[in-house]
Amino acid sequence: MERLRGALDFCIRHQTVLGYSIVSLLTAASEHIFSSVVFKCPCNSGNMLYGSVFLIVPAFILLLLGFMANARTWRLLTGSCPSEKATRQQGCNCSSWSTCARYCQVLVPVTARALVAPFTWIAVALLRANFYACAASGNRLIRDFICKDQGQECQKLLFKIPCDEKLSTKISSEFLSLEAQSQLIGWFLIAIIMTVALISTCVSRCCSPVSYLQLKFWKIYSKKEQELFEVKAKEHATKLAEINTNCFFEATDPAPFQTPSNEDWRKISFLYTFSSQEQYYSMIHKYVNTNRGNSTKFEEGGQNPTVLGFVDEAHTIESGF
515 MERLRGALDF
525 CIRHQTVLGY
535 SIVSLLTAAS
545 EHIFSSVVFK
555 CPCNSGNMLY
565 GSVFLIVPAF
575 ILLLLGFMAN
585 ARTWRLLTGS
595 CPSEKATRQQ
605 GCNCSSWSTC
615 ARYCQVLVPV
625 TARALVAPFT
635 WIAVALLRAN
645 FYACAASGNR
655 LIRDFICKDQ
665 GQECQKLLFK
675 IPCDEKLSTK
685 ISSEFLSLEA
695 QSQLIGWFLI
705 AIIMTVALIS
715 TCVSRCCSPV
725 SYLQLKFWKI
735 YSKKEQELFE
745 VKAKEHATKL
755 AEINTNCFFE
765 ATDPAPFQTP
775 SNEDWRKISF
785 LYTFSSQEQY
795 YSMIHKYVNT
805 NRGNSTKFEE
815 GGQNPTVLGF
825 VDEAHTIESG
835 F
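Positions in the sequence shown are counted from 1; adding 514 to them yields our numbering.
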């Protein structure tokens with residue numbers, strides 16, 4: 515039992531890394547299946563189109579799925595385009611530069627997370643070299659470069675290389691094979707991705723407005739608040755459902771029951787901004803300490819540091835689509 519608890523604690527502490535690892539493994543397994551079972555290079559003038567589609571289109575689909583599966587995407591978009599009447603009441607200008615800048619600031623880390631699976635697909639595909647070899651054999655620039663001064667026979671053989679690797683020895687040994695080119699590009703891509711990821715993580719931590727231990731406490735608080743919010747929300751919803759159901763079947767009027775208004779829900783659904791003047795650990799924390807969001811302090815803006823992105827995800831762990 516202790517070992518199981520220890521394993522669960524380890525998974526919780528490293529859930530982000532484990533999540534990325536699982537996504538990468540599933541993507542790599544999917545690429546292997548596509549490459550081995552589905553992909554069949556035509557070995558003609560359509561090589562370029564066919565190979566490029568298998569290399570790029572699945573990566574684009576994974577990018578879209580990454581946006582759809584990210585909770586911050588739906589927290590950002592839900593209710594962001596209200597009716598004209600609601601917009602006038604709230605005094606909101608959706609076309610303002612500040613709003614656009616805010617959206618871009620949130621979308622950057624969302625996009626970075628969504629790119630994990632697409633880059634994994636492309637990197638694994640390049641290391642296996644099947645897609646690249648097919649696409650490159652039909653590329654005019656590569657064909658003109660390799661088959662320079664070798665006539666039409668070389669170009670015809672180049673089309674057939676993805677279907678028969680032995681043909682590559684009949685063209686030229688002075689250049690790297692298509693498989694070697696693909697693997698070199700794949701390793702360079704992986705090195706670049708890891709370097710950019712490390713630098714961006716270091717920069718976000720260096721620019722963190724809070725210390726390491728406070729950040730650790732903040733994550734604990736967010737987790738506990740999420741758990742308590744879900745428990746209380748289920749209790750509240752169950753009680754309200756019971757009252758309405760009983761009143762329906764008993765044909766009686768319901769007793770007064772306090773429940774948050776639309777405006778209350780809207781206020782705690784705002785994206786979190788950090789302020790060095792007032793320390794709030796979540797939008798609920800800010801809401802209850804600013805007279806139910808009626809204080810001018812609630813409307814005050816602030817920073818949106820990347821390192822605090824987990825705050826907006828605390829109550830939206832389940833994907834919204």
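Idealized CB from N, CA, C, for every residue including glycine. Since the model is a prediction, treat every value here as computed from it, not as a measurement.
The shortest C-alpha to C-alpha distance from Gly593 to any of Phe731, Gly807, Phe784, Val717 is the one to Phe784. Close CB contacts of Phe548 within its chain, under the 8 Å cut and outside five residues either way in sequence, are with Phe568, Pro572 (chain order). A buried status is given to Leu672, since no fewer than 16 other beta-carbon atoms sit within 10 Å of its beta-carbon. By the neighbour-count criterion, in which 16 or more other beta carbons inside 10 Å mark a residue as buried, Lys753 falls on the exposed side. Pairing Glu792 with Ser714, the inter-Cα distance amounts to about 27 Å. Here the segment 632-652 makes contact with the segment 542-561; the two share three or more CB pairs at distances below 8 Å. Taking 7 Å as the cut-off, the Cβ atoms of Phe788 and Pro723 count as close. Here Val825 is not near Ser790, since their CB atoms are 7 Å or more apart.
In this structure, the CA atom of Cys557 is about 14 Å from the CA atom of Arg657. Distance check between Val537 and each of Gly565, Leu629, Tyr564 places Leu629 closest, using alpha-carbon atoms only. With contacts defined as CB atoms closer than 7 Å, Glu827 and Ala637 fail to qualify as a contacting pair. In the displayed model, Arg719 falls within a helix according to three-state DSSP. Secondary structure at Cys614: helix, using DSSP grouped into helix, strand and coil. If you ignore the 5 residues before and after Tyr564, its C-beta comes within less than 7 Å of the C-beta of Cys555, Pro556, Cys648, all in its own chain and listed in chain order. In the three-state scheme derived from DSSP, where H, G and I count as helix and E and B as strand, Arg654 is classed as helix.
Judged by DSSP secondary structure, Lys662 falls outside any alpha helix (DSSP H); it is assigned neither H nor E.
Under the three-state reduction of DSSP, Tyr795 is assigned to coil, being neither helix nor strand.
When secondary structure is reduced to three states using DSSP, Asp678 falls in the coil class, being assigned neither helix nor strand. Counting only the Cα atoms, Ile798 lies some 27 Å from Asn758.
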